[in-house]
Ligand SMILES: Nc1ncnc2c1ncn2[C@@H]1O[C@H](COP(=O)(O)OP(=O)(O)O)[C@@H](O)[C@H]1O
Ligand SMILES: [Mg+2]
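Next comes the structure, spelled out in structure tokens:
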């Protein structure tokens, strides 16, 4: 990647994007609200802490901007430093002033695959598993790996959000997702080619969080 190319993009972030861009995180458990995206920037995705955009002149790069007051920026930079280069992860090319420039991963999040009724082959799950294993070998702790943070591209799996990989607390989201994949998705949903509407996915997301909290309260009564 050319330094000059990136420099022009950074300039454009400061001059075109940031001045007119409005982002707000209302609830840390729900995706950030993006109120205005200046032309010609395109919104690619929203996480609970940040928004991800690209500029049509730089289609292989994305800019990830954290909502004011949400933590994780410095941690994410450190995670990418430790990850180095791996086909299932993005790479961080620049980070300053609350935004990161990352290599764009093309693909559809597994969450959106459910919505669009796209078939998710086992290879996708295996790729993500081995990517997470690689991260562990690099001294990281895969965390918050859920349907919006993993993607499918040409039948292969990608991990799109690594921002919480310094968090050592165990996180069962990926194991739970895998369980749902093998027990629910493979035998029932996939053969029916069902498209799951967003409101149903949202209900699943909310009930999952509720049930998880209930279970953890039951298992660790003093912690909660
Ligand atoms: N490198 C990338 N390439 C393409 N899309 C991305 C990339 N990083 C993030 N996205 C998209 O943006 C969404 C939000 O980014 P994410 O890193 O998950 O934010 P957060 O840390 O707030 O959860 C993701 O679900 C994904 O759709
Ligand atoms: Mg995310």
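Residue numbers (the numbering used here): 802 to 1025.
No residue lacks a Cβ here, since even glycine has one placed at the ideal position from N, Cα and C.
Predicted model only: the values in this text are computed from it and were never measured.
Assigned exposure category for residue i - 16 Cβ within 10 Å defines buried
i: residue 861; result: exposed
i: residue 837; result: exposed
i: residue 1017; result: exposed
i: residue 814; result: buried
i: residue 827; result: exposed
i: residue 850; result: buried
i: residue 1025; result: Confidence is the limiting factor: at residue 1025 the pLDDT is only 47, short of 50, which leaves the residue's position unreliable, though a coordinate-based value still follows. Exposed is the call here.
Span separating the alpha-carbon of residue i from that of residue j
i: residue 821; j: residue 835; result: 11 Å
i: residue 847; j: residue 964; result: 14 Å
i: residue 1011; j: residue 994; result: 27 Å
i: residue 818; j: residue 1006; result: 31 Å
i: residue 990; j: residue 863; result: 32 Å
i: residue 858; j: residue 898; result: 22 Å
i: residue 867; j: residue 927; result: 30 Å
i: residue 957; j: residue 930; result: 11 Å
i: residue 985; j: residue 1000; result: 19 Å
i: residue 832; j: residue 1014; result: 19 Å
i: residue 891; j: residue 959; result: 9 Å
i: residue 992; j: residue 918; result: 10 Å
i: residue 839; j: residue 1021; result: 47 Å
i: residue 852; j: residue 844; result: 7 Å
i: residue 804; j: residue 893; result: 13 Å
i: residue 1008; j: residue 934; result: 28 Å
CB of residue i within 8 Å of CB of residue j, strictly
i: residue 830; j: residue 842; result: no
i: residue 954; j: residue 908; result: yes
i: residue 1036; j: residue 912; result: Since the first and last residues shown for the chain are 802 and 1025, residue 1036 lies out of range.
i: residue 976; j: residue 961; result: no
i: residue 896; j: residue 880; result: no
i: residue 824; j: residue 902; result: no
i: residue 997; j: residue 916; result: yes
i: residue 966; j: residue 936; result: yes
i: residue 900; j: residue 938; result: no
i: residue 952; j: residue 1002; result: no
- prompt: Taking one C-beta from the segment 931 to 946 and one from the segment 957 to 976 each time, how about it: are there three or more such pairs within less than 8 Å?
  reply: yes
query: Is the segment 922 to 931 touching the segment 862 to 876, taking contact as three or more C-beta pairs under 8 Å?
result: no
- prompt: Where the beta carbon is closer than 5 Å to any heavy atom of ligand 2, which residues qualify, in chain order?
  reply: 848, 950, 962
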